[in-house]
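Residue numbers (my numbering): 18 to 267.
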């Protein structure tokens with residue numbers, strides 16, 4: 018990135034998405050703890066809507082030994098649980114549980130990360146449930162929508178956490194330098210030379226399945242997710258925890 022401050026050249030982001038309350042073994046924790054990441058960014062769906070489960074992800078957070086700030090944003094499963102069982106007051110109780118484990122919740126909010134005399138901003142955009150419909154035309158967020166939700170982009174280098182990748186046009190128009198997303202689970206089945214087969218909204222051969230995408234001055238890293246929603250179906254599409262190293266373009 019041309020506009021990345023020199024102090025952040027080599028800055029490591031550990032990117033987790035779509036945990037879906039899955040139980041992982043010690044090997045995953047060892048990989049995370051040995052990553053030397055500077056910050057851990059979690060882009061939603063770490064819970065599972067059909068069983069209101071949060072325990073395995075919270076346990077994982079409690080066992081992270083990195084000297085790194087952890088920031089968490091919400092996906093459609095967190096929002097779905099909050100709407101499905103109102104008496105749970107899920108988002109408030111989940112936010113408290115995350116805070117108890119020293120994680121910062123970014124619910125249409127941001128934090129400023131400083132190194133030396135330079136800063137970068139980390140924003141968490143809570144994409145509304147109306148943007149997650151299945152078998153229908155998706156509602157996409159535009160720049161004006163994003164401005165209304167989180168304000169205008171600051172002049173400094175900015176990372177935008179947004180669970181759904183579908184509004185990448187809007188994220189780019191807003192000015193995000195780096196977008197981190199998940200949701201589509203790598204397209205479930207990865208067909209050689211064609212890519213992911215199906216998106217979370219049941220679109221065949223979606224534009225955004227996994228990997229790195231560029232638009233204008235924005236780069237999106239789309240995580241394949243750690244867990245699975247419902248049946249554990251994957252083909253040539255390994256679960257993923259991403260380690261992203263920021264580099265300053267000379």
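Just so you know, even glycine gets a beta-carbon here, dropped at the ideal spot from N, CA and C.
Values in this document were obtained by computation on a predicted structure and should not be read as measured data.
Between residue 115 and residue 89, the gap from beta carbon to beta carbon is short of 8 angstroms.
For the pair residue 161 and residue 251, the Cα-to-Cα distance works out to about 36 angstroms.
Contact check for residue 245 and residue 34: beta-carbon distance about 12 angstroms, past the 8 angstroms limit, so the pair fails to qualify. Excluding five sequence positions before and after residue 185, the CB atoms of its chain that fall closer than 7 angstroms to its own CB belong to 196, 225, 230, 232 and 237, given in chain order. For the options 218, 260, 256 and 138, the alpha carbon positioned closest to that of residue 157 is the one of 218. Counting along the chain, the unbroken alpha helix (DSSP H) around residue 79 starts and ends at 72 to 80. The beta carbon of residue 75 is closer than 8 angstroms to those of 114, 115 and 118 in its chain, skipping five residues each way along the sequence. For residue 129, there is no enclosing alpha helix (DSSP H); the enclosing beta strand (DSSP E) has its first and last residue at 126 to 132. Contact check for residue 85 and residue 59: beta-carbon distance about 12 angstroms, past the 8 angstroms limit, so the pair fails to qualify.
Between residue 54 and the set 155, 125 and 259, the nearest pair of CA atoms involves 259. Residue nearest to residue 202 within the set 209, 192 and 213 is 213 (criterion: CA-CA distance). Approximately 4 angstroms separates the beta-carbon atoms of residue 265 and residue 21; this is inside 8 angstroms, confirming the contact. Residue 144 places its beta carbon 8 angstroms or farther from that of residue 121.
CA-to-CA, the gap between residue 176 and residue 262 works out to about 13 angstroms. Taking residue 187 as the centre and dropping the five residues before and after it, the same chain places the C-beta of 157, 158, 159, 160, 162 and 163 closer than 8 angstroms to its C-beta, in chain order.
In this structure, the CA atom of residue 215 is about 15 angstroms from the CA atom of residue 154.
In terms of Cα proximity to residue 80, the closest of 26, 45, 100 and 95 is 45. Residue pairing for residue 32: DSSP places it in a beta bridge opposite 58 and 259. Only residues of its own chain outside the window of five on either side were considered, and among them 146 have a CB closer than 8 angstroms to the CB of residue 100, listed in chain order. When secondary structure is reduced to three states using DSSP, residue 49 falls in the helix class.
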